[in-house]
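Asker: Numbering follows UniProt numbering, in which position 156 of the sequence shown is assigned residue number 156; successive positions increment by one, without gaps.
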Amino acid sequence: QMLAATSPFFNVLFYGNFGERKNDIFEVKEADTADFLWFLNSIQTKKWFCTSVNQALVALSYADRFGMLNLHKRISAYLKFYSLAQEDIKDALLLCSRFDNEELIVWVLGQCEDAQKRFDLVIECAPFSNMSSILSALKVLKESSLSSSAGLTACLVNGRKVPFHLRCYNTHNILESERYFSLSMDSYGNYFRWDELRRSIPAEYGYITVDGAQRWPKPDANSDAISKVSSPRIVKVCAYKS
1 QMLAATSPFF NVLFYGNFGE RKNDIFEVKE ADTADFLWFL NSIQTKKWFC
51 TSVNQALVAL SYADRFGMLN LHKRISAYLK FYSLAQEDIK DALLLCSRFD
101 NEELIVWVLG QCEDAQKRFD LVIECAPFSN MSSILSALKV LKESSLSSSA
151 GLTACLVNGR KVPFHLRCYN THNILESERY FSLSMDSYGN YFRWDELRRS
201 IPAEYGYITV DGAQRWPKPD ANSDAISKVS SPRIVKVCAY KS
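1) Taking DSSP as the reference, what is the three-state secondary structure of R199?
2) Using a Cβ-Cβ distance under 8 Å, would A63 count as near chain C?
3) Would you check if there are 3 or more beta carbon pairs closer than 8 Å linking the segment 125 to 137 to the segment 162 to 180?
4) Could you give the first and the last residue of the continuous beta strand (DSSP E) run that contains A239?
5) Would DSSP call C168 helix, strand or coil?
6) Per DSSP, which one or two residues make a beta bridge with V162?
7) Cutting at 7 Å between CB atoms, please list the residues of its own chain near D220, excluding the five before and the five after it.
8) When you compare each of F66, L40, D35 and K73 to V58 by their alpha carbons, which one comes out closest?
9) Can L109 and R118 be called in contact, C-beta distance under 8 Å?
10) Across the segment 6 to 16 and the segment 55 to 72, are there enough close Cβ pairs to call them in contact, namely three or more that are closer than 8 Å?
11) From S136 to R199, what distance separates their C-alpha atoms?
12) Sort S184, I174 and C168 by Cα distance to V210 and report the nearest one.
13) Taking 8 Å as the threshold (C-beta atoms), are F164 and L138 in contact?
14) How long is the line joining the alpha carbons of E113 and A77, rounded to whole angstroms?
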């Protein structure tokens with residue numbers, strides 16, 4: 001009853017029409033026994049005393065897995081006082097991105113050694129994150145040293161990458177999907193090749209705009225054309241099905 005009251009997953013498992021109910025044996029796979037006993041005790045006592053960052057991240061993974069979507073608020077209050085190992089930052093960001101919690105995103109990105117690594121991490125994880133988390137991450141980037149034009153320019157030039165935000169629409173102009181990615185700049189410094197961008201967009205989307213300007217079908221026949229990023233920013237691309 002305690003688990004069913006706090007988790008939609010366990011409510012369905014215990015009281016739904018599943019075969020396990022015949023013998024009252026329920027197996028929770030891929031769960032460490034000690035971690036799960038701590039998890040159960042925390043639910044029963046309603047006191048979430050995390051003894052380590054790893055234990056807190058385990059609690060977040062259980063919160064996501066078992067549908068306990070308010071638990072992240074309790075855990076974020078603990079995590080903000082502790083640091084992460086550099087090799088764990090990416091996995092932590094992907095996990096924290098599953099919750100609508102800006103504090104968690106701020107905490108994870110704050111673990112990066114510098115603005116360049118923070119920027120690269122956001123670009124790498126964006127395709128696997130929900131939009132709320134992406135917006136929180138972009139807010140962190142703006143409020144960091146990347147907030148200045150010079151800082152973002154340096155980040156782009158040093159990393160030699162241009163960030164893109166792609167939004168794909170169907171024939172009724174309804175958004176079907178969106179993602180963030182980056183393309184390498186060429187030897188000109190702040191230019192990217194149009195044909196590389198075109199290859200990053202699914203072939204069924206035949207009409208494309210870049211920052212609101214029509215780019216496909218192209219006004220010219222030069223498939224090797226290059227486009228300049230006139231200011232340090234994320235390039236907005238919209239693709240429409242023909």
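Ideal placement from N, C-alpha and C gives every residue a C-beta, glycine not left out.
Answerer: To lay it out plainly:
1) Mapped onto the sequence shown, residue 199 falls at position 199. Residue state, collapsed to three classes: helix.
2) No chain C appears in this structure, which consists of one protein chain only.
3) yes
4) Sequence index remark: in the sequence shown, residue 239 carries index 239 (1-based). Looking at the DSSP string, the run of the beta strand (DSSP E) that includes A239 is V235 to K241.
5) Stepping through the sequence shown from its first residue, residue 168 is reached at position 168. C168: strand per DSSP, three-state reduction.
6) Against the sequence shown, residue 162 aligns to sequence position 162. According to DSSP, which records beta bridges pairwise, V162 is partnered with L183.
7) The sequence position of residue 220 within the sequence shown is 220, counting from 1. Note that D220 scores 48 on pLDDT, short of 50, meaning its location in the model is unreliable; the coordinates nonetheless yield the value given after this. The answer is none, since no qualifying residue turns up.
8) Translated into positions along the sequence shown, residue 58 becomes position 58. When each option's Cα is compared against that of V58, the closest is D35.
9) For the purposes of this step, residue 109 is taken as the residue at position 109 of the sequence shown. For the purposes of this step, residue 118 is taken as the residue at position 118 of the sequence shown. Closer than 8 Å, so yes.
10) yes
11) As a first step, residue 136 is located in the sequence shown; it is residue number 136 there, counting from the start. As a first step, residue 199 is located in the sequence shown; it is residue number 199 there, counting from the start. Spanning the two alpha carbons is a distance of roughly 28 Å.
12) Taking the first residue of the sequence shown as position 1, residue 210 is located at position 210. When only C-alpha atoms are compared, the closest one is C168.
13) To locate residue 138, count along the sequence shown from 1; it is residue 138. To locate residue 164, count along the sequence shown from 1; it is residue 164. No, they are not a contact pair.
14) Your numbering for residue 113 matches position 113 in the sequence shown. Your numbering for residue 77 matches position 77 in the sequence shown. Near 22 Å, if we compare the C-alpha coordinates of A77 and E113.
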